[in-house]
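Q:
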Amino acid sequence: MTIIEIPAVETTPGVENKPLETPPLAAVRGRVLRQLWRNPLGMVGAVLLLIVIFVGVFAPLLAPYLPSEVHFSTPFQHPGTVGFALGTDDLGRDILSRVLYGTRASLEVGVLSVLCAVLIGVPLGLLAGYWRTLDLILSRLSDVLLAFPFIILAVGLTAINGGGLADAAIAIGIAQVPIMMRVVRAETLRLKETDFVVAANTMDVPPWRILVEHILPNSLAPIIVQATVIMPTAVISEAILSFLGLGIKPPAPSLGIMLSDAQQYLLRTPWPGIFPGVALAIICLGFNLFGDALRDALDPKTRR
Numbered sequence: 015m016t017i018i019e020i021p022a023v024e025t026t027p028g029v030e031n032k033p034l035e036t037p038p039l040a041a042v043r044g045r046v047l048r049q050l051w052r053n054p055l056g057m058v059g060a061v062l063l064l065i066v067i068f069v070g071v072f073a074p075l076l077a078p079y080l081p082s083e084v085h086f087s088t089p090f091q092h093p094g095t096v097g098f099a100l101g102t103d104d105l106g107r108d109i110l111s112r113v114l115y116g117t118r119a120s121l122e123v124g125v126l127s128v129l130c131a132v133l134i135g136v137p138l139g140l141l142a143g144y145w146r147t148l149d150l151i152l153s154r155l156s157d158v159l160l161a162f163p164f165i166i167l168a169v170g171l172t173a174i175n176g177g178g179l180a181d182a183a184i185a186i187g188i189a190q191v192p193i194m195m196r197v198v199r200a201e202t203l204r205l206k207e208t209d210f211v212v213a214a215n216t217m218d219v220p221p222w223r224i225l226v227e228h229i230l231p232n233s234l235a236p237i238i239v240q241a242t243v244i245m246p247t248a249v250i251s252e253a254i255l256s257f258l259g260l261g262i263k264p265p266a267p268s269l270g271i272m273l274s275d276a277q278q279y280l281l282r283t284p285w286p287g288i289f290p291g292v293a294l295a296i297i298c299l300g301f302n303l304f305g306d307a308l309r310d311a312l313d314p315k316t317r318r
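With the numbering used here as the guide, the letters of the sequence shown map in order to residues 15 to 318.
1. Can you tell me the Cα-Cα spacing of Leu148 and Asp218, whole angstroms?
2. For my contact list, Gly178 and Ile250 are in at a C-beta cut-off of 8 Å; report their separation, rounded to the angstrom.
3. Could you say which of Pro246, Ala189, Ala99, Pro74 lies nearest to Phe301 if we only look at CA atoms?
4. Pull up the CB-CB distance for Leu273 and Gly259, whole angstroms please, since I reckon it's below 8 Å.
5. Pick helix, strand or coil for Phe257, following the three-state DSSP scheme.
6. Tell me whether Asp209 sits in a helix, a strand or coil according to DSSP, three-state version.
7. Opposite Phe98 in the DSSP bridges: which residues?
8. When the Cα of Val212 is compared with those of Ile229, Val198, Val197, which residue comes out closest?
9. From Gly124 to Cys298, what distance separates their C-alpha atoms?
10. Verify the CB distance criterion: does Ile288 have a CB-CB separation below 8 Å to chain C?
11. Leaving out five residues before and five after Tyr279 in sequence, what residues of the same chain have Cβ atoms less than 7 Å from its Cβ?
12. Please report the distance separating the alpha-carbon of Leu126 from that of Ala248.
13. Determine the DSSP secondary structure at Asp108, reduced to helix, strand or coil.
14. Since Asn302 is in the alpha helix (DSSP H), which residue starts that stretch and which ends it?
15. Under three-state DSSP, which class holds Asn53?
16. Got a sec, what are the start and stop residues for the alpha helix (DSSP H) Ser156 sits in?
17. Quick one: measure Cβ to Cβ for Leu167 and Ala185, integer angstroms, because I've assumed they're closer than 8 Å.
18. Please look up how many angstroms separate the CB atoms of Gly59 and Ala311, rounded, as I've assumed it's under 8 Å.
19. Alpha carbon to alpha carbon, what distance is there between Leu64 and Ser111?
20. Can you give me the Cβ contacts of Thr283 inside the same chain, cut-off strictly under 7 Å, excluding the 5 residues immediately before and after it?
21. By the 10 Å Cβ neighbour count, where 16 or more other Cβ atoms means buried, how is Ser87 classified, buried or exposed?
22. In chain order, what residues of the same chain lie with their CB nearer than 7 Å to the CB of Ala214, ignoring the 5 residues before and after it?
23. Distance, Cα to Cα, Asn182 vs Ala142?
24. Tell me the DSSP secondary structure of His85 in three-state form.
25. Measuring alpha carbon to alpha carbon, tell me which of Asn175, Ser153, Val169, Gly135 ends up nearest Gln240.
26. Quick one: does the C-beta of Met245 sit closer than 7 Å to a heavy atom of the ligand NAD?
27. Thinking Pro236 and Val197 are a contact (beta carbons under 8 Å), I'd like their distance in whole angstroms, please.
28. Which first and last residues belong to the alpha helix (DSSP H) in which Leu273 is found?
29. Express the C-alpha separation of Tyr79 and Leu5 in angstroms, rounding to a whole number.
30. Run through DSSP, which three-state label would Ser251 get?
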């Protein structure tokens, strides 16, 4: 019989040897904040996001006019005109006011889409990753859902409810559910094999408690990162739907509607199409830069 020798643990006289402890939440939070602070692109993204959120929240106070207010005597005014900082469109509506309110609408659709994807995709991902039988069913359903473009779903919702901000957000959120579900499923499959989950199973801990108290908290990092990825996708998707007439309906302001209205006047005056396009670029750039920095800060494998 082979005897395996276990090396003795070295102790230091006068020093109490304690087992390794899990870092407290405050220490983890501080480490993540330090990593974000050291990332220049991440800080640029954070500043852009703060500006966008400020503009979206305080749009009614910042806008000099109502977004649907028409000035028939001053159409196609150039930027810098007195009373119209960014000019006016074909109906004399203030472009600055419409961009501010359009940014607010884009953020609302993005937040609602993320909530829809998280509230549906996270539970489905936990169930699919923990029970193999459910995994076979839910994975096939997600494959079927991914096979249909979200525009088809938006067309169906528009035909039923007449379109609007809520319908656009639901359509975009449902389209992102399979992606969120697969992210959470992968994390659940990985965490299911860890020691603390195996120990909980040996102690006959109920599965729902293991999912809620052990697997879900340890899956928050990829869920948060995926949410920052869904936001710019939802903003662009809303602009596409509104551009095609399937999203927010006029006279409600939307960056996609502004681009759709400006396309026929681009040769005459490009400003009504340039400014909403710049606003879309700033929103998406802010979320992408901050999302990449957050992923690097939360993932020890990519952290330098």
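C-beta: ideal position from N, C-alpha, C; glycine also.
A: Here's the rundown:
1. Taking the sequence shown and counting its residues from 1, the one referred to as residue 148 is at position 134. Taking the sequence shown and counting its residues from 1, the one referred to as residue 218 is at position 204. Rounded to the nearest angstrom, the gap between the Cα atoms of Leu148 and Asp218 is 21 Å.
2. The residue you call residue 178 lines up with position 164 of the sequence shown. The residue you call residue 250 lines up with position 236 of the sequence shown. Here Gly178 is actually not in contact with Ile250; their C-beta atoms are around 18 Å apart, not less than 8 Å.
3. As a working mapping, residue 301 is identified with position 287 in the sequence shown. In this structure, Pro246 is the residue among Pro246, Ala189, Ala99, Pro74 with its C-alpha nearest to the C-alpha of Phe301.
4. Reading the sequence shown from its first residue, position 259 is the one you call residue 273. Reading the sequence shown from its first residue, position 245 is the one you call residue 259. Not confirmed; about 12 Å, so no contact.
5. By one-based count along the sequence shown, residue 257 stands at place 243. It is helical.
6. Mapped onto the sequence shown, residue 209 falls at position 195. Reduced to three states, the DSSP call for Asp209 is helix.
7. Position 84 of the sequence shown, counted from the start, is the residue given in the question as residue 98. Thr95, per the DSSP bridge assignment.
8. Working through the sequence shown from its first residue, we reach residue 212 at position 198. It is Ile229 whose Cα lies nearest to the Cα of Val212.
9. As a working note, residue 124 is residue 110 in the sequence shown. As a working note, residue 298 is residue 284 in the sequence shown. Using only the alpha carbons, I get a separation of about 11 Å.
10. No chain C appears in this structure, which consists of one protein chain only.
11. In the sequence shown, counting from the first residue as 1, residue 279 sits at position 265. So the qualifying residues of the chain are Asp104, Pro286.
12. Translated into the one-based positions of the sequence shown, residue 126 becomes position 112. Translated into the one-based positions of the sequence shown, residue 248 becomes position 234. Each residue's Cα considered, the two are about 9 Å apart.
13. Here the question's residue 108 lines up with position 94 in the sequence shown. It is a strand residue.
14. Stepping through the sequence shown from its first residue, residue 302 is reached at position 288. Start and end: 285-312.
15. Stepping through the sequence shown from its first residue, residue 53 is reached at position 39. Coil.
16. Residue mapping note: residue 156 aligns to position 142 of the sequence shown, counting from 1. It spans 146-160 - the alpha helix (DSSP H) in which Ser156 sits, taken as one unbroken run.
17. Taking the sequence shown and counting its residues from 1, one reaches residue 167 at position 153. Taking the sequence shown and counting its residues from 1, one reaches residue 185 at position 171. Indeed, because the Cβ distance is near 5 Å, the residues count as touching under 8 Å.
18. One-based indexing of the sequence shown puts residue 59 at position 45. One-based indexing of the sequence shown puts residue 311 at position 297. Between Gly59 and Ala311 the beta-carbon gap is near 12 Å, outside 8 Å, which marks them as no contact.
19. The residue labelled residue 111 in the question sits at position 97 within the sequence shown. The residue labelled residue 64 in the question sits at position 50 within the sequence shown. One C-alpha to the other measures close to 19 Å.
20. The residue you call residue 283 lines up with position 269 of the sequence shown. Closer than 7 Å at the Cβ level, and outside the excluded window around Thr283, lie Phe90.
21. Working through the sequence shown from its first residue, we reach residue 87 at position 73. That one is exposed.
22. Position 200 of the sequence shown, counted from the start, is the residue given in the question as residue 214. Answer for Ala214: Ile224, His228, listed in chain order.
23. Taking the first residue of the sequence shown as position 1, residue 182 is located at position 168. Taking the first residue of the sequence shown as position 1, residue 142 is located at position 128. It is worth fixing the name first, because residue 182 is Ala in this sequence and not Asn. Straight-line spacing of the CA atoms in Ala182 and Ala142 works out to 27 Å.
24. Within the sequence shown, numbered from 1, the residue matching residue 85 stands at position 71. His85 sits in coil when the DSSP states are folded into three classes, being neither helix nor strand.
25. As a working mapping, residue 240 is identified with position 226 in the sequence shown. Here the closest residue by C-alpha is Gly135.
26. As presented, the structure is devoid of all ligands, the ligand NAD included, so that no description of it is given.
27. Residue mapping note: residue 236 aligns to position 222 of the sequence shown, counting from 1. Residue mapping note: residue 197 aligns to position 183 of the sequence shown, counting from 1. The C-beta distance from Pro236 to Val197 rounds to 5 Å, short enough to meet the 8 Å contact threshold.
28. Mapped onto the sequence shown, residue 273 falls at position 259. Start and end: 269-276.
29. Since the first residue shown for the chain is 15 and the last is 318, residue 5 is missing from the structure and cannot be characterised.
30. For the purposes of this step, residue 251 is taken as residue 237 along the sequence shown, with counting starting at 1. In the structure shown, Ser251 adopts helical secondary structure according to DSSP, grouped into three states.
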